[in-house]
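Residues 33 to 649 (the working numbering) make up the first sequence, in order.
All C-beta atoms in this analysis are idealised placements derived from N, C-alpha and C, irrespective of residue type, glycine included.
Given the structure is predicted, the values throughout are model-derived calculations rather than measurements.
Below: one structure, written as structure tokens.
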Amino acid sequence: MPKRKSIAEQKQVVERPLAVQKEEVKDFIYKLKQVTVMAVKSLYDVDIDASQITLQDTRKEFEGNITLLTFPFTRQARKKPEQIGAELGSFLERGLPFVTGHNVIKGFLNLSISDSTWVDSLKAMQSNDHFGKQASNGEIVVLEYCGPNTNKPLHIGHLRNMVLGYSMAEILKANGYQVHKVNILNDRGLAICKSMVAYMNEGEGKTPESEGVKGDHFVGDYYVRFGKMYKEELSELVAAGADLVSAEKNSKLMQQARELLRKWEADDLETRTLWARMNSWVYKGYEETYATLGVDFERDYYESETYEYGKEIAQQGLEAGVFTKDEDGSLFVDLSEHNMDPKRILRSDGTSLYFTQDLGTAEMRYAHYGMDKSIYVVGDEQNLHFKQLQIVLEKLGKDYAKGIYHLSYGMVHLPGNVRMRTREGAMVDADDLMREVVERAAEATKESGKLSNFSEEESQALYHDLGLAALKYFMLNVNAKKKMTFDPAESVSLQGRSAIFLMFSYVRTRSVMRKFGKAIDPNFKVKSIEPIEQELIQLLYKTPFVVQDSAKTYDPSLIANHIYDVAKTFNRFWTACQVLNNKDQNLDHFRMSLAEVTGNVLKLGMNLLGIQTTERM
RNA sequence: GGUCCUAUAGCUCAACUGGAUAGAGCAGCUCCCUUCUAAGGAGCAGGUUUCAGGUUCGAGUCCUGAUGGGAUCACCA
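Here's what the structure looks like:
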């Protein structure tokens, strides 16, 4: 074994991007807030900040577009909400040409905004090539996701993880972060040794190639086989008169597995060779799954390499007095000030634990990236682990500790709260599920009878895009922290609130643009617009704020919900308004702008969810 | 038992982080293709937001308590 490099020797901090000064958008909303601040000052002699102003969409049953809440000012202004509304309303209507009317109901000041303002707003969105995105903020993020155990194939839980992680990376990029996606492979330990034992006993020199089986499934089958062999051995021992505890103790298979683990730790060449060989099969299989799903990693961290690094941190902590040595020689950290039990850092034999490994990985990652934020996409069963990890790194004085965020998501389980277990076979396999959803997309497409102009190759690509889009949207349109029930009988929805609906709406925008066949003249003039057109513009206008919120709250579902609303509103517009071939050419150009910006927003939104758009369907 | 999460329509989820009469999809029932993609649109029906208190102009949202569900509390990862 070659000598490991120390963490310090690994230092290779990436170049920090330049931050671009953020410009405040001085649109009509900005002006509305500024003038409101002035109005409150001049009417009531009260100083407020623009951030204290709450605006919301006017409910459909009332006249107006934007509603300003007057309740927040009542105390300082010492007036009734209705009166403030009336006074503020006339002030704003007098002072701002784009406010064309107002009415007050209780503390709700409903403002009507002129049609031309909405049209201008649409033009601004259309001419902005980066609409919805932010320029570089100069910050570096490392995002860890997937994190498989290399003794078995990926399952639906990993799919949720990967879809979430990939999307979060795209969202952070759109918000100006430089994002580095990394994977952590749990490639050592007893579980892998079990697969190895089964292979040694029953493998007969077979390989994934010789059997025509995907590598990760091939290895996973031996893991399952170990479970069966072990069970058989136990029942034989019990039948021969042993009790279960002693049977487990005397199991030859389990002894073999433990022996392998010992040999592995002792760098036994034969063991290491088989281990590396089997893992390479698994990785090859994973690569296929990643490619099909459309996710990628810039760098892989292997637990077999990183687990030793934690010892360096352990040593540092001991010297700094943060860690304490127990009587038996193990190392622990006292967390009583955080109302937690002490956490073990090293075993009494000096070997490292999962926690130690994560300390080492964090430090090494900081050496590699010098990041401002570390995001760990890991299931919520590890909430405590990450809380402890952050606290311990803080106690060690690591600056990067405060940038740690555990993007915790709920477990995917089967109907009736049945937890999935590989060993018990109650498992939804990632490859199977992707295949199934693509097949169902194919059926649905054939049923719709729209394949006239598609070659076989194009059709297959479409099924793949639609199927995966549906799968990703299915997982992202609910809040990540909610646990999720997956019913294999019902599977992923292709109807209603699904990616198919989004894609269909997007394709409509593209289709009409092809028919239009020329560039949109940005100087079109329209006198008045329909309520549905206004509603659509107002919704599109929110896109950048939704994108920002989803980064701040680490929540892709905000975008998923927003683009659903956009698609729904666009479809209502579509049935209500004729886009092309109007008597007035200006109207064609205006409505084409609406279609184009809608298409851009849908595409942006889907891309931020990791969904590839298709131009026709 | 301690800690954390969670409870909204028959089902799956929203509700701009404390704002108006709680909204969508699915499932059920009606309508709409001699106009640009009907994988669409319009409508009907469906709710004491688990329960009991509290905070205030206002609570699904915040606080306290109860109940149901989940996770976690290893010298496993």
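Straight across, the Cα-Cα distance linking T305 with N311 is about 10 Å.
Where F602 is concerned, the enclosing alpha helix (DSSP H) starts and stops at S589 to A608. Rounded to the nearest angstrom, the Cβ distance from F605 to L568 is 5 Å, consistent with a contact under 8 Å.
At a Cβ-Cβ threshold of 7 Å, K58 and A399 do not count as neighbours.
Taking C-beta atoms as the reference points, Q420 and K357 fail to come closer than 7 Å. Between the alpha carbons of S582 and R257 lies a distance of about 44 Å. One Cα belongs to I407, the other to N97, and the distance between them is close to 39 Å.
Counting only runs of 4 or more residues that sit fully inside the region 204-241, the alpha helix (DSSP H) segments are 222-234, in chain order. Closest in C-alpha terms to L175, from the list A531, M403, N632 and E265, comes M403. Within the model, the alpha-carbon separation for E335 versus G179 is close to 10 Å. Put simply, of L363, V524 and K405 the residue whose alpha carbon is nearest the alpha carbon of F387 is L363.
Counted as a single uninterrupted DSSP element, the stretch harbouring N485 is not any alpha helix (DSSP H), since DSSP gives it neither H nor E. Looking only at W150, Q348 and K615, the smallest Cα-Cα distance to K430 is reached by Q348. Rounded to whole angstroms, Y177 and P185 show a C-alpha spacing of 16 Å. Taking 7 Å as the cut-off, the Cβ atoms of K504 and I595 do not count as close. Under the three-state reduction of DSSP, F577 is assigned to helix.
Closest option to L385, judged by alpha-carbon separation, among Y339, Y401 and V365: Y339. Taking P113 as the centre and dropping the five residues before and after it, the same chain places the C-beta of T102, F103, T106, K138 and G139 closer than 7 Å to its C-beta, in chain order.
Judged by DSSP secondary structure, R376 falls within the beta strand (DSSP E) whose first and last residues are K375 to L378. Within the model, the alpha-carbon separation for E297 versus L276 is close to 29 Å. As computed with DSSP, V174 is found in a beta bridge with H212 and S406. Under the 10 Å beta carbon count, Y62 is surrounded by fewer than 16 other beta carbons and is classified as exposed.
Contact annotation: the region 259-275 does not touch the region 187-202, with fewer than three C-beta pairs closer than 8 Å. Ranking E337, E426, L439 and L378 by CA distance to the CA of M396 puts E337 first. Less than 7 Å divides the Cβ of F60 from the Cβ of T149.
Residue state for Q44 is assigned as coil, using DSSP reduced to three classes. Inter-residue distance for N233 and V245 is about 19 Å (C-alpha atoms, whole angstroms). Here D77 is exposed. Its C-beta has fewer than 16 other C-beta atoms within 10 Å. Judged by DSSP in its simplified three-state form, M516 adopts strand. Taking C-beta separations shorter than 6 Å and ignoring five residues to either side along the sequence, the partners of V251 in its chain run S227, M310, W313 and V314, following chain order. Out of V470, E647, L292 and L572, the CA that lies nearest to the CA of V151 is found in L572. For the pair of segments examined, the region 630-649 was found to touch the region 532-546: the number of CB pairs separated by less than 8 Å reaches three.
Comparing alpha-carbon positions, the option among E302, S242, L222 and K238 lying closest to G259 turns out to be L222. Ranked by how close their Cα comes to the Cα of R529, the residues V67, V598, E562 and N555 have V598 in first place. Taking E202 as the centre and dropping the five residues before and after it, the same chain places the C-beta of N639, L640 and G642 closer than 7 Å to its C-beta, in chain order.
Rounded to the nearest whole angstrom, the CA to CA distance from A474 to F533 is 15 Å.
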